[in-house]
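See below for the structure under consideration.
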Amino acid sequence: MTNLIDRLSPEARHAPESGIVEVFNAGWGREDLIPLWAGEGDLPTPEFICRAAKASMDRGETFYTYQRGIPQLREAIAAYHIDLYGKAFSPERFFVTGSGMQAIQLTVQAVAGPGKEVIVPTPAWPNINAAVEIHGARAVSVPLRESPDGWNLHVEDIEGAITPATTALFLNSPCNPTGWVASKTVLEEFLNLARRHKLWIIADEIYAQFYYGEGGRAPSFYDICSDDDQVIFVNSMSKNWAMTGWRIGWISAPPQLGQVIENLIQYSTSGVPSSSQWAAVAALTEGKEFLAEQVERARIGRQCVLEGLRGINRINVQPPEGAFYLFFSIDGVSDTRQFALDLVRQTGVGLAPGTAFGKGGENYVRLCYARKKDHLEAAIQRISDWLPEI
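Laid out in structure tokens, this is it:
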């Protein structure tokens, strides 16, 4: 029999299986499941957002629409940025995409390609490396360093990885999975590095408001970059407004790139459904209170899991500065993939194995704490009871 897989493109054949999805599949369907493996909370999308989508469908808005996004949504995204960053933003720099994942894919497609390299600090969300390599480029891992003070990314490590083939640096801050947050000083170092080497920066600041330091949000490239800097931002409606299943996000880029980005959208999805876009308008214009509740919920969850896991002798954990994940190691556990599979099969607690997050993550597991406190407490108790058995 002909092996059809061998006739596919190398990029498709070599696309990795998600280590997170593997654990998801192993535990799905358990009645006692506490799923802490994915990057989402346990609240459904608020009714006022769903109502806006229904109203759009009731108006018969089921046809093709603006490739860059409906004007009302691009205006709402601009207003959101003005409020968050305290500076002017034109709707012309925002482009609506079918998820944050598509925003990443299109941006990588725009700045890299076969024979090119994109530097990706790791541990990192596995979809980043995959997005780079599906497009024929090479993802170059530069591990963050862990110290007693937490995780850190050093500019000299990034500079040492630059080659003539390097076209971009992907920087996720606040970081999934480590919770590392780049300070304004560190961001300035990376921006100056990119300017010297004429690199693009792909800035993933999706967790900007899930920040536990001073100021109410994490430091941003928006604070320091100029209009002509080679910085493209990718973002999503998913985390802030409990909309992971809606698959809607955006790209923020210099307006002069507009036609190129519009073309890439056209030849991938031909735009985002109007109903989803009107839902996003409602989230951005009416959802400030809900977002504040989400952030406070994560803050409570963070404290809950930190206190609980610190009471288990074999667990080594540091407080994350941002996002809503705890990335921790366990004494005596070296195969975190098998650990996560055994844990979910035997206890119903679903964690993501560190092996899914690339170099530097192999000895860790990730826990999402954007959940109900009683679920988190129950998960910690199950882990505590089960660990002595392995």
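In our numbering, the protein residues as written are 47 to 436.
Heads up, the beta-carbon is just placed ideally off N, CA and C, and yes, glycines get one too.
A quick note: this is a predicted structure, and the numbers were derived from the prediction, not measured.
Residues sharing a beta bridge with residue i, DSSP
i	result
Val306	According to DSSP, Val306 bridges with nothing at all.
Phe216	Ile248
Arg241	DSSP lists no partner for Arg241.
Ser187	Val166
Pro399	Val411
Asn198	Arg191
Secondary structure of residue i, DSSP reduced to three states
i	result
Gly206	helix
Glu260	coil
Gly182	coil
Ile174	helix
Ile436	coil
Thr231	helix
Ile165	strand
Ile294	coil
Arg417	coil
Ser193	strand
Asn281	strand
Ser430	helix
Asn71	helix
Ala288	coil
Gln384	helix
Pro56	helix
Asp269	helix
Backbone CA spacing between residue i and residue j [nearest angstrom]
i	j	result
Glu179	Val188	16 angstroms
Ile66	Gly85	10 angstroms
Leu413	Leu50	38 angstroms
Gly354	Glu423	7 angstroms
His181	Gly161	10 angstroms
Ile116	Leu387	43 angstroms
Gly357	Glu138	51 angstroms
Asn173	Lys419	28 angstroms
Ile204	Asn281	23 angstroms
Gln349	Ile123	31 angstroms
Pro194	His200	16 angstroms
Gly87	Glu68	19 angstroms
Gly407	Pro169	5 angstroms
Tyr131	Arg343	23 angstroms
Asp275	Ser266	14 angstroms
Leu233	Ser219	10 angstroms
Gln151	Val157	10 angstroms
Phe517	Ala416	Any question about residue 517 goes unanswered here, given that the chain covers just 47 to 436.
Val306	Gln148	15 angstroms
Ala207	Ala328	43 angstroms
Lys244	Asp273	15 angstroms
Leu330	Gln392	41 angstroms
Ala240	Cys271	11 angstroms
Lys405	Val166	10 angstroms
Pro90	Phe385	30 angstroms
Arg184	Pro210	13 angstroms
In chain order, which continuous runs of the alpha helix (DSSP H) of length 4 or greater are located wholly inside the region 310 to 381? 320 to 332 and 334 to 356
Those runs of the beta strand (DSSP E) which lie wholly inside the region 74 to 162 and span at least 3 residues: 140 to 143
Sufficient close CB pairs (3 or more, under 8 angstroms) joining the region 396 to 411 to the region 240 to 257: no
Flag this pair as touching only if the region 137 to 153 and the region 285 to 299 have three or more C-beta atom pairs under 8 angstroms; answer yes or no. yes
Per the contact definition of three or more C-beta pairs closer than 8 angstroms, is the region 76 to 83 in contact with the region 419 to 436? Because the criterion of three Cβ pairs below 8 angstroms is met, the region 419 to 436 and the region 76 to 83 touch.
Does the contact criterion of 3 or more C-beta pairs under 8 angstroms hold for the region 91 to 111 versus the region 317 to 326? yes
Within the chosen definition, does the region 303 to 317 reach the region 335 to 346 through at least 3 CB pairs nearer than 8 angstroms? no
Do three or more CB pairs link the region 57 to 74 to the region 252 to 272 at distances below 8 angstroms? With the cut-off at 8 angstroms, the region 57 to 74 and the region 252 to 272 do not touch.
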